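Have a look at the structure below, then the notes.
Chains as they are written, first to last, in this note's numbering: chain W, 1 to 509; chain S, 1001 to 1509.
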């Protein structure tokens, strides 16, 4: 991996000056195109050994380009807002929007490499992290991003010399600490771990570029030239790169599916409902106030046809919660800050902190439901979304977030009845729009999309609960009961109170 | 303040039911108008005594209205990201955007009242906080927000009874803790402090509504009715309420002003520049790495005519900093999330954490410069902006953030020379737009705006430094020197290393 970066590459002063003038003009040119047309986000990872020129390279890039559209993202100790969320949350919130170049001084590679060097994770766990990273970067690239990963390399002797040089110059001496000298001792270990990890994450869509770090001019010129070339190519090419996705293969011999099997006549009389509601709301109250919940979090995702009763169900959950503990996020049209990011970004923003509850009225499944059926995104986009969504939920689960997903199913006849009823009640009239009536026409296409969604995204740790919702009483109680039972099972499976299991066991269903 | 809320108001079941049906329909109606037209943000403060029905009221409002456009903002212990910023930062980030109703369960009132009850602040300090709050709320209202402040009141006997009732019902027992019972002991003290504080903050633009909390139906109906009435009136009235502002009174007898007095011939030869640059950059390097800086933060605001050299100066500062420690924020057109907030919101977002540096390339002064001169906002808007800006900087200063503001002044002739030069250098060509040429035509109007700005916003803790910038060498060194001297003075004035003074002494100048 590092061999060609140990050849002692060097560039002379005059050659450098000559090259920089053209390079700088060209870089500024593509940067203008990039931000004026807000085409894509650019993620540049500046990583490698200490003393190999990471900071210097960032400074040179700032000098060459327009700093107004560059960001340097640095990651020291996670803040408590970050610690209480999935590990990738801090990187999601730092992603550059379309039109910007985000330079990551430190990234999703830092922790796995450090943890492996310190022996905190096994080689197998390291490989699992590589797989997770590959999927994350594939998502970024599929969403239109350019991902450029630089690794600055030095020989052991070279690193020692760099540190010495830095330490002896007054202006740079502050940068060399005990910590840096200690890194020399772990040089071989780092080479070994990083070499393996880089090979595992050297993908066609986000390849590594290993650059010899010894000579400042060589390093700067190389990074600048590669940034220019890839950016030029990317901006000239198709807006989006399509990576192959598993096609939908449907088995539909007898016309039966998970939705047709639901018994929509299930109902609950008002009296039984009142008793059951109070019982499960009380149970829910107690569960979210359980000391063990302080180290967990809860995400409830609601999907369903218009008028299926999502809002009413959400209110029945809300009534059992402390207003300070939960937030309902309605999913409407994305803002322009959200549109400038990968499609899951606007949901990552709302991932709850530990001890908190996030309820989504419509969710990240919009892409495989409305966007698919209405043709708002390409087939490739919604096909790949299944695994991107699974990854998202998997990362929440890894961090101890309990994810529940409810599909509220009503019949076409019941929907019509509710639409008509709503039109009669003045204060509900606003809820019925032309679009609602129009959506009814696509009923079958939606039913197919729902079945596909359930098949592809009902996982052990984030199962779909299909709710027979023709009767609101029945639906609400089923939702509350499912929620309570899952919460109970999750909390009971925890080893010790307050401790978050690395991988929370799913309660099944 | 609380007398009329001790009359034992009560509403019967039947009267309540009859009223609620109409109220609910009307509330939903105005809510639709509110969020469909994204007119204004609504800030509802739900405050008062424990057990007086704050949580219940929020739940009832959730029941009556569309929860998709309601948020409940709760504030427990500040996170470290919040603790390391000005006290108001956490409220700014929680402000509802236009079209939404944000219900504040806890607000900017909580801390001052608690601190006064516990004897941590004097009555005088409490009054200063009231003044600060009044100015903050005036800003919100002037920016178009509806601010509704509810205080739920109970008599001492009433509070005891409510707590007993809550504690005895299984579904609500969890809500009554030792902490709540302790509040009974401080009842009189709270009445005293809150009464005073409410009177001090009972302003024409954001008056308090004291509601008797004993009877659930009375309380809910009262809050709902007042919310409906004020919202209806606000939505029907003018979009923005203009509060009187101090007019500009100019003294211009002899044509001299702070800009005309600058000696733009000041220059520095390249050799002296190189020496001075290295010296001050080294000094700056050391200062931001000083242990005492860890408890402080630095904000550098850059303003200046086009081509005045802001970018170059910023790069010279950046070169002395660790990329992980600072962020350059270019101020361009606001995003739609930013446009849905008060004009200072997009700057509050970027207030740096402790130990960090935020550099702004153009700033919150846009409102009193380009927006004023180009007529992008009303005269009232830019006139009131001076004090809003002073408050913003004052709050940063209070939290230990060191604020420096640089105006880079060049002559018209020099600007023309630079424009022409830029057009010749290919990689700088993009920097000259039609707008830049057009802006030159308004030179005099801008000079006047700059003088007004300096006069109104050069304060002891956030003074303007006017920089003679016809010579880039001279300008850069003056900026770096000013920055270093101010930093040095600020750090030297700190009582003990690492400790943040409540009010950082200004370094003068």
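Don't be surprised by glycine CBs; every beta carbon is placed ideally from N, CA and C. All of these numbers come straight from a predicted model, not from anything done at the bench.
Not one beta carbon of chain W lies nearer than 9 Å to the beta carbon of residue 1088 of chain S.
About 7 Å separates the beta carbon of residue 459 of chain W from that of residue 393 of chain W, a gap short enough to meet the 8 Å contact definition.
With respect to residue 1152 of chain S, residue 1046 of chain S sits close: the two C-beta atoms are nearer than 9 Å. The straight-line gap separating the alpha-carbon atoms of residue 413 of chain W and residue 1063 of chain S is approximately 27 Å. Closer than 9 Å to the CB of residue 69 of chain W there is at least one CB belonging to chain S. Each of W:377, W:314, W:307 was checked against the Cα of residue 421 of chain W, and the nearest Cα belongs to W:307. Taking a Cβ-Cβ cut-off of 7 Å, residue 1111 of chain S has no neighbours in chain W, whose nearest Cβ is about 16 Å from it. Taking CB atoms only, residue 324 of chain W has a neighbour in chain S less than 9 Å away.
Contact between residue 1404 of chain S and residue 1491 of chain S does not hold, since the beta-carbon distance rounds to 14 Å and is not under 8 Å. With a 10 Å radius around the Cβ and a threshold of 16 neighbouring Cβ atoms, residue 222 of chain W comes out buried. The DSSP-derived three-state label of residue 99 of chain W is coil.
Distance between residue 316 of chain W and residue 324 of chain W, taken at the CA atoms: about 16 Å.
Short of 6 Å from the beta carbon of residue 1133 of chain S, and not among the five residues preceding or following it, lie these beta carbons of its own chain, in chain order: 1108, 1201. Sequence-distant partners of residue 172 of chain W (beyond 5 residues in either direction) whose C-beta falls short of 7 Å from its own C-beta, in its chain, are 166. In the three-state scheme derived from DSSP, where H, G and I count as helix and E and B as strand, residue 1279 of chain S is classed as helix. Under DSSP, residue 1064 of chain S takes part in no beta bridge, so it has no partner. Residue-level contact by beta carbon fails for residue 365 of chain W and chain S, as no gap is shorter than 9 Å. In the three-state scheme derived from DSSP, where H, G and I count as helix and E and B as strand, residue 1028 of chain S is classed as helix.
In this structure, the alpha-carbon of residue 358 of chain W lies about 32 Å from that of residue 1355 of chain S.
No Cβ-Cβ contact shorter than 9 Å links residue 1235 of chain S with residue 1101 of chain S. DSSP places residue 1048 of chain S inside the beta strand (DSSP E), whose first and last residues are 1042-1048.
Residue 1317 of chain S carries a helical assignment under DSSP once its states are collapsed to helix, strand and coil. Look at residue 301 of chain W here: in three-state DSSP terms it is strand. Bounds of the beta strand (DSSP E) holding residue 74 of chain W are 70-74. Counting C-beta pairs with one atom in each stretch, the region 1214-1233 of chain S and the region 1006-1015 of chain S have three or more that are closer than 8 Å, which means they touch. In the displayed model, residue 1374 of chain S falls within coil according to three-state DSSP, outside both helix and strand. The C-alpha of residue 1163 of chain S is placed about 56 Å away from the C-alpha of residue 138 of chain W. Taking the Cα positions, residue 361 of chain W is about 33 Å away from residue 37 of chain W.
Cβ neighbours of residue 320 of chain W within its own chain (closer than 6 Å, five residues either side excluded): 281, 284, 285.
Ranking W:410, W:208, W:119 by CA distance to the CA of residue 227 of chain W puts W:208 first.
Inclusion of residue 53 of chain W and residue 213 of chain W in the CB contact set at 9 Å is warranted, their separation being smaller than that value. Here residue 1389 of chain S is actually not in contact with residue 1296 of chain S; their C-beta atoms are around 21 Å apart, not less than 8 Å. Of the other Cβ atoms in all chains shown, 16 or more fall within 10 Å of the Cβ of residue 1071 of chain S; this residue is therefore buried. The C-beta distance from residue 23 of chain W to residue 224 of chain W rounds to 5 Å, short enough to meet the 8 Å contact threshold. DSSP places residue 1153 of chain S in the strand class (E or B) of the three-state scheme. Considering only beta carbons, the part of the region 44-68 of chain W lying closer than 7 Å to chain S consists of 55, 58, 59, 62, 63, 67, 68, in chain order.
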